[in-house]
Every structure is written in structure tokens, then in C-alpha cells.
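Here is the structure we will look at.
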Amino acid sequence: MKKYALVTGANRGIGLETVRQLAHEGTETFLGSRDLQKGLIARDSLPEELRHRIHVLRLDVTDAISVQAAVQTLAERVGHLDLLINNAGINYDTWQKGSSADIDGVTKETFETNFFGVWRMTRAFLPLLRKSKSARIVNVSSGAGSLTHMSSGTPAYSTSKAALNALTIVLAQELRKEEILVNAVCPGWVATDMGGSGGRSVELGAKSVLWAANIPSGGPTGGFFRDGRGIDW
Ligand SMILES: NC(=O)c1ccc[n+]([C@@H]2O[C@H](COP(=O)([O-])OP(=O)(O)OC[C@H]3O[C@@H](n4cnc5c(N)ncnc54)[C@H](OP(=O)(O)O)[C@@H]3O)[C@@H](O)[C@H]2O)c1
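By the numbering used here, the letter at position 233 of the sequence shown is numbered 233, and the numbering carries on one by one without gaps.
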């Protein structure tokens, strides 16, 4: 049986590497990109032997119409979805302080993508995930969203990821009885446009995502993991 995955924000960084690793495993993978052209260029950057398993999809997680169009495409082309990888993320706002943060601009924009985007995607794709025999939802979160280790930095980003972690638990508890496993992962500090230089490789960062995507039936749900090991909320 073919397995089908959808990765959001997959035209670069950890998302693109996640697509590569999924396709390498033999999974038919939809590469979500809010700019279709960037998505097509990203697919062409991957090894030729994988490209036939990678399907580029225009998808902006902040736009309900775009999300609904993506649902429609998958419904018509495949009829179900096995893996939803909520990877799209923005605004590691090192330049902001909580006490003076731009609430109506940067902070709302951050929540719109990192938190409401994931919620919107999950709601919209649940009917297709429910048609899978082993559905998994992986929310790409961050250690910056850990309440245990929270500090004053990156206020919009950190609070949006903490909210995402809470949403992960809420959805996991609800969907447990349907055997849909929902987990949050932190890829670690990764050298991407967001992470800057000096971090670990995208290969290593995406491995945390693949680990959660491949959790077997009866495995953990409602957890927070890095490198396949539980970390503090
Ligand atoms: N890098 C790190 O050190 C690190 C650490 C912990 C967690 N993370 C998390 O890992 C995930 C991937 O991060 P990354 O480092 O790969 O970041 P990145 O290189 O900046 O890539 C972010 C991706 O998200 C996409 N995106 C942004 N807004 C979107 C929207 N509204 N709809 C759809 N796609 C959208 C971007 O598309 P465009 O090209 O169109 O902008 C891009 O493809 C994020 O959730 C991030 O918070 C990263």
C-alpha cells in the first residue's frame, strides 16, 4: 500500500529535507509551498530518482481558501492522507521584547502561521486523515516553546510554539480513540534561513520529524520529542 504525506512550508529548510527523506522511504509526498514556482524549483533541486514521488502543491496555511483547495486536490487525486507534517513556521523574533512587542503586526502574523495555521490545516485535513489506516500528525514545534525552559527571548515565536504544544495535547487526546497519533517535535537548532549558520544539518533536523511520522500503531501520542526522545513541555 502506498503511503501519502503532505508537508507544509516545504520549499526550503527542514520542510524540503523532510520531503526528501519521506520520498527516499518510498512515501508519495505532497510538497506544500505558498509560492508554486518556488515549490517547483525546490522539487527540481532534489535527486531525480525521487522526483516522481514528489507532488508540488500551492499551499498557504494562513489562507483558508488555499487550504481548502489543497484538501480538494488531495481528495480528488488520492482520497486519503496518511501523514500531515505541519512544518511551516515564521518569525524567530530575536529583535522583539515581550514588554514592547508589536502585537498587531509581527506577533499576530507569527500566531497566524505557527499556531492557527496548524489548527486550520489539521481541521481541514481530518476527513482525509480519518480515511487512512494509520494516520499521523507531526507538529514541528521548538524547544523555544517549552514552558519549562522559557526565557525572555523571541516572545512571539516562543509563545506561538507553546500554544502549538498545547494544541498538540488537545488534539492528541481527542483523536487517540481513532488511533490518529499527534505529536510535537523539536528539530534542534538547525542551519536554515530561520536558524542561521552554526546549527545542525537539515538531515539531522528532519530526522526528528521522520521519527514521529513513523511511530508504529500503539506508539506515543500527545508527546514532545527531539531525536526520538521525550523533552520537557
Ligand atoms: N531552524 C531551526 O533552528 C528551528 C529550530 C526549532 C524549530 N524550527 C521549526 O522548524 C520549522 C521549519 O523551519 P526552518 O528552519 O526550515 O525555516 P525556514 O528555512 O525559514 O523555512 C520556513 C518555511 O515555512 C514556509 N512558510 C512560511 N509561512 C508560510 C505560510 N503562511 N504558508 C506556508 N508556508 C509558509 C516558508 O515559505 P516561503 O519560502 O514562502 O517563505 C518556508 O518554506 C518551523 O516550524 C520552525 O519554527 C526550526
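Yeah, the Cβ is synthetic: ideal placement off N, Cα and C, and Gly gets one too.
> In angstroms, rounded to a whole number, what distance separates the CA positions of G143 and L59?
Replying inline: Counting from 1 along the sequence shown, the entry for residue 143 is found at position 143. Counting from 1 along the sequence shown, the entry for residue 59 is found at position 59. If you take the alpha carbons of G143 and L59, they lie about 26 Å apart.
>> I need the boundaries of the beta strand (DSSP E) containing R51, first residue and last residue.
In response: If you number the sequence shown from 1, residue 51 lands on position 51. Segment: none, R51 is in no beta strand (DSSP E) and carries neither H nor E.
> Is any heavy atom of ligand 1 found at a distance shorter than 7 Å from the C-beta of W189?
Replying inline: Start at 1 with the first residue of the sequence shown, and residue 189 comes out as number 189. The answer is yes for W189.
>> Between the alpha carbons of C186 and E25, how many angstroms are there, rounded?
In response: If you number the sequence shown from 1, residue 186 lands on position 186. If you number the sequence shown from 1, residue 25 lands on position 25. The straight-line gap from Cα to Cα measures roughly 21 Å.
> In terms of alpha-carbon separation, which member of G195, V7 and R136 lies closest to T168?
Replying inline: As a position in the sequence shown, residue 168 is number 168, starting the count at 1. Looking at the Cα atoms, R136 is the closest of the given residues.
>> Considering only heavy atoms of ligand 1, does any lie closer than 7 Å to the CB of V61?
In response: In the sequence shown, counting from the first residue as 1, residue 61 sits at position 61. Checking the Cβ of V61 against ligand 1 gives yes.
>> Can you give me the C-alpha to C-alpha distance between V78 and S217, rounded to a whole angstrom?
In response: Counting from 1 along the sequence shown, the entry for residue 78 is found at position 78. Counting from 1 along the sequence shown, the entry for residue 217 is found at position 217. If I take the Cα positions, the gap works out to 22 Å.
> Going by the CB atoms, is the gap between L50 and L81 shorter than 8 Å?
Replying inline: Residue 81 sits at position 81 when you count from the first residue of the sequence shown. Residue 50 sits at position 50 when you count from the first residue of the sequence shown. No.
>> If you follow the beta strand (DSSP E) that F116 is in, where does it begin and where does it stop?
In response: In the sequence shown, the residue the question calls residue 116 occupies position 116. No beta strand (DSSP E) contains F116, which DSSP labels as neither H nor E.
> How is the alpha helix (DSSP H) around L164 delimited, first residue to last?
Replying inline: One-based indexing of the sequence shown puts residue 164 at position 164. Where L164 is concerned, the enclosing alpha helix (DSSP H) stretches over P155 to L175.
> What is the C-beta distance between F224 and N165, in whole angstroms, given that I count them as a contact (C-beta under 8 Å)?
Replying inline: To locate residue 224, count along the sequence shown from 1; it is residue 224. To locate residue 165, count along the sequence shown from 1; it is residue 165. About 6 Å; that satisfies the 8 Å criterion.
>> What ranges does the alpha helix (DSSP H) occupy inside the stretch 52-135, keeping only unbroken runs of at least 4 residues that lie completely in it?
In response: 64-77, 108-111 and 118-129
> With 16 other CB atoms within 10 Å as the buried threshold, where does T93 fall?
Replying inline: Stepping through the sequence shown from its first residue, residue 93 is reached at position 93. This sequence places Asp at residue 93; Thr is not what is there. Buried, since its Cβ has 16 or more Cβ neighbours within 10 Å.
>> Quick check: the Cα distance between P47 and S99, rounded to an integer number of angstroms?
In response: Walking along the sequence shown from the start, residue 47 turns up at place 47. Walking along the sequence shown from the start, residue 99 turns up at place 99. Spanning the two alpha carbons is a distance of roughly 47 Å.
>> So, for A23: in the same chain, excluding its five sequence neighbours on each side, which residues have a beta-carbon less than 6 Å away from its beta-carbon?
In response: In the sequence shown, the residue the question calls residue 23 occupies position 23. Contacts found: T29, L50, R53 and I54.
> Under the rule that 16 or more other beta-carbon atoms within 10 Å means buried, what is R229, buried or exposed?
Replying inline: Looking up residue 229 in the sequence shown gives position 229. Exposed, since its Cβ has fewer than 16 Cβ neighbours within 10 Å.
>> Using the Cβ count rule (16 or more neighbours within 10 Å means buried), how would you classify A156?
In response: Here residue 156 refers to the residue found at position 156 when the sequence shown is read from its first residue. When all chains shown are included, A156 counts as buried.
> Is any heavy atom of ligand 1 found at a distance shorter than 7 Å from the C-beta of D35?
Replying inline: Working through the sequence shown from its first residue, we reach residue 35 at position 35. D35: yes, Cβ under 7 Å from ligand 1.
> Is it the case that the CB of T192 approaches a heavy atom of ligand 1 more closely than 7 Å?
Replying inline: Residue numbering aside, residue 192 sits at position 192 when the sequence shown is read from its first letter. The answer is yes for T192.
> Taking 7 Å as the cut-off, does the CB of N87 come closer than this to any heavy atom belonging to ligand 1?
Replying inline: Against the sequence shown, residue 87 aligns to sequence position 87. Result yes, Cβ under 7 Å from ligand 1.
> Is there at least one non-hydrogen atom of ligand 1 closer than 7 Å to the beta-carbon of R20?
Replying inline: Residue numbering aside, residue 20 sits at position 20 when the sequence shown is read from its first letter. No; taking the cut-off as 7 Å, the Cβ of R20 has no heavy atom of ligand 1 nearer than that.
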